[in-house]
Amino acid sequence: MAERRSPAAAFAGRFAAASEGGALRLAELPFLTHVDLRVDPASPAARDLGDVLGVPLPVEPCTAVTAGDVTVAWLGPDEWLVVAPAGHRHELLVKALGDRHGSVVDVSAQRTTLLVGGPRARDLLAHGCALDLHPRVFGPGRCAQTLLARAQVVLLPRPDDFLVLVRSSFAAYLSEWLLDAATEYLR
């Protein structure tokens, strides 16, 4: 059987080397579970999905909620992305939706998750992102679908770092870009 390999596996050593100075922390968080939810936010089905996740689905645009190690990010008026540890049982969400109108789709193979942390993380991301990344504007509890270095990403700020969810086909490109943009912060 073939060994599973993450989209940015080849960058692990370079990410570790770039993280040594303390100004930045770069890493791939491979094989996280990503589940796309589509449902009417006012429906009982949305409430049931929130019950399974342990948090209600956020209805305010560009927000995210976290319960334990599960984050639910608002992607649109009737769409959310669940980010959870590898092996998260998305079939519980399928069961909660039942035969009601909506969808629960495991999209884990579509994206990988890059971690950008450290005191210069916002500066690094600002090189390629037009969003105002100041913590008063874009801190924990927020999310955005945006461009980073011309690659479409979902950006999730956390208290100490950012999760950058990027399509698998752009993972190598964005990894190279992050390493290049990080050069000025490395000792």
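Per numbering that gives the first Met the number 0, the sequence shown starts with residue 0, numbered consecutively. Cβ coordinates follow ideal geometry from the N, Cα and C atoms, glycine included. Nothing here was measured: the structure is a model prediction, and the numbers come from that model.
Roughly how many angstroms separate the alpha carbons of residue i and residue j, rounded to a whole number?
i: residue 14; j: residue 97; result: 42 Å
i: residue 179; j: residue 100; result: 45 Å
i: residue 81; j: residue 181; result: 29 Å
i: residue 91; j: residue 119; result: 39 Å
i: residue 53; j: residue 66; result: 6 Å
i: residue 131; j: residue 121; result: 10 Å
i: residue 151; j: residue 37; result: 20 Å
i: residue 110; j: residue 68; result: 18 Å
i: residue 20; j: residue 11; result: 16 Å
Exposed or buried, residue i, counting other C-beta atoms within 10 Å across all chains shown (16 or more means buried)?
i: residue 173; result: buried
i: residue 85; result: exposed
i: residue 197; result: This structure cannot settle anything about residue 197, because the visible part of the chain is limited to 0 through 186.
i: residue 153; result: buried
i: residue 27; result: buried
i: residue 133; result: exposed
i: residue 49; result: buried
i: residue 163; result: buried
i: residue 62; result: exposed
i: residue 138; result: exposed
Can you tell me the Cβ-Cβ gap for residue i and residue j, rounded? I've got them flagged as a contact below 8 Å.
i: residue 47; j: residue 95; result: 5 Å
i: residue 156; j: residue 135; result: No, residue 156 and residue 135 are not in contact; Cβ-Cβ is about 11 Å, not under 8 Å.
i: residue 73; j: residue 55; result: That belief does not hold up - the Cβ atoms of residue 73 and residue 55 are roughly 11 Å apart, past 8 Å.
Which residues in the same chain have their Cβ closer than 8 Å to the Cβ of residue i, if we skip the five residues on either side of it in sequence?
i: residue 108; result: 167
For residue i, I'd like the list of residues in its chain whose CB is within less than 6 Å of its CB, leaving aside the five on either flank, ordered along the chain.
i: residue 105; result: 34 and 89
i: residue 147; result: 127 and 128
i: residue 30; result: 85
i: residue 6; result: 111, 167 and 170
i: residue 186; result: 20
Which same chain residues end up closer than 7 Å to residue i when comparing Cβ atoms and leaving out the 5 residues on each side of it in sequence?
i: residue 124; result: 115, 132, 147 and 161
When you compare the CB of residue i with every CB in chain C, is at least one pair closer than 9 Å?
i: residue 51; result: This model lacks chain C altogether, as it is built from one protein chain only.
My parser needs the alpha helix (DSSP H) runs of 4 or more residues fully inside the stretch 53–107; what are they? 90–96
Report the residue ranges of all beta strand (DSSP E) runs contained in full by the stretch 96–179; include only those spanning at least 3 residues, in chain order. 102–105, 110–116, 143–147, 150–156 and 160–166
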